[in-house]
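This report refers to the structure that appears directly beneath it.
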Amino acid sequence: MYNENWLSAIKVVIFDMDGTLYQEDTFLERYIRYLLEGTEHEEATDEAMRLGRAIIAGEHAIGFGHFYHMRDDVGLVLEGERFVRGFTWEGAAIEEGTIREYGAFSEQAVHLIPIGDPWGVVTALGRKYRLPESKLRSAFDRVRQEMLLPPHRFERHDKLFEALEALGAVDKKILLTNTHFESGIAFMGYMGIRHLFDDVVCGANKPAGLHAYFNALLAQGYQAHEILSIGDNPWNDLHPAKKLGGRTCMISPYPSGDPEIWDLRLRRLDELEQLMRAIQESITRRNRADGQDRAEAYQQEVQG
Ligand SMILES: [Mg+2]
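Residue numbers 1 to 304, in the UniProt record's numbering, belong to the letters of the sequence shown in order.
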């Protein structure tokens, strides 16, 4: 699986945190409940939970990899710069002519929420019910705090962190998370992983933030194919890297409706752990081979 030659060229690895360095989605129902609690939509809580779970499971017409259009209250599928399909919450397909009228992505960008991970599903639901940003933020903070404490504390995959620590052959390991500073630091503290990274950015504002970070690495002299971005949310974590010529690894246990092809497509954390070890091995192997070549060339020069 990891025989790819390109792994030995990797010098910088950019990681997402939530959904990438831990996997957990039992928060979904609680997050939706807290979001609707005390609002005029509280009675719709069970329905919203079913909807959220169906989206994650790939059992709804609107799914991961799609965009929620806030103004029109529909889901849209993007291919390249154009929308190619669309669906209502009831699952009906939108007419082709209507889809064409949406034009290019940039024309609709202000109306769009990417449904890239379980967090994005709840953000879209918050917009669907026209709830204020402050309600989403307080529900987010509440559920994030619960995720670090019993009985809802998530499981750490320590073997992945050991493999990450053992990945010493790359120049830089970077963590970019859109989660705000307070919760980002608390999650890193719980997982005990802060020291594993050369740079950590919370509130990273991906996808634009990843685009900028990637460009900064190029300006430092790294080549695009030497940079690998790993994440569960294609829109935030992978598309910006792919557009600039970088390597991409999607890790997510869920089906995705994003039509893009990534260099690697993983599902579970133990696969990511194996990938860390495979990168370390292939760089080390290449360095050894390069060393041998240099030694042989020197020998020939001396003898010649
Ligand atoms: Mg993520």
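Idealized CB from N, CA, C, for every residue including glycine.
The structure presented is a predicted model; accordingly, all values stated were derived computationally and were not measured.
Separation of residue j from residue i, as counted between CA atoms
i, j, result
"Leu217", "Met276", "21 Å"
"Glu79", "Lys11", "30 Å"
"Asn236", "Ala297", "46 Å"
"Phe232", "Gly97", "A small correction: the amino acid at residue 232 is Asp; Phe does not occupy that position in the sequence shown. Using only the alpha carbons, I get a separation of about 32 Å."
"Asp206", "Glu301", "The question names Asp, but residue 206 is Lys in the sequence shown. Taking the straight line joining both Cα atoms gives about 51 Å."
"residue 346", "Phe67", "Coverage of the chain is limited to positions 1 through 304, which leaves residue 346 absent and any answer about it impossible."
"Leu28", "Ile113", "17 Å"
"Leu136", "Glu146", "16 Å"
Residue i: CB within 7 Å of a non-hydrogen atom of ligand 1
i, result
"Thr123", "no"
"Asp232", "yes"
"Gly75", "no"
"Gly19", "yes"
"Asp25", "no"
"Val263", "Here residue 263 turns out to be Asp, not Val, going by the sequence shown. No, Cβ of Asp263 sits at least 7 Å from all heavy atoms of ligand 1."
"Asp258", "no"
"Asp117", "yes"
Proximity below 8 Å, CB of residue i to CB of residue j
i, j, result
"Ile99", "Phe87", "no"
"Tyr254", "Phe64", "yes"
"Pro240", "Met250", "no"
DSSP state of residue i mapped onto helix, strand, coil
i, result
"Ser256", "coil"
"Gly189", "helix"
"Met250", "strand"
"Gly161", "The sequence given here places Phe at residue 161; Gly does not occur at that position. DSSP places Phe161 in helix when its eight states are reduced to three."
"Lys172", "strand"
"Phe87", "strand"
"Asp198", "coil"
4-residue-minimum alpha helix (DSSP H) runs that sit fully inside the region 92-134, ordered along the chain: Listed in chain order, the alpha helix (DSSP H) runs fully inside the region 92-134 are 96-101, 105-108 and 118-128, counting runs of at least 4 residues.
Unbroken stretches of the alpha helix (DSSP H), 4 residues or longer, contained in the region 7-82: Here the runs fully enclosed are 27-36 and 45-57.
Where in the region 202-282 do unbroken runs of the alpha helix (DSSP H), each at least 4 residues long, occur, reported from the N-terminal end onward? Those alpha helix (DSSP H) runs which fall completely within the region 202-282 and span 4+ residues are 208-219 and 239-243.
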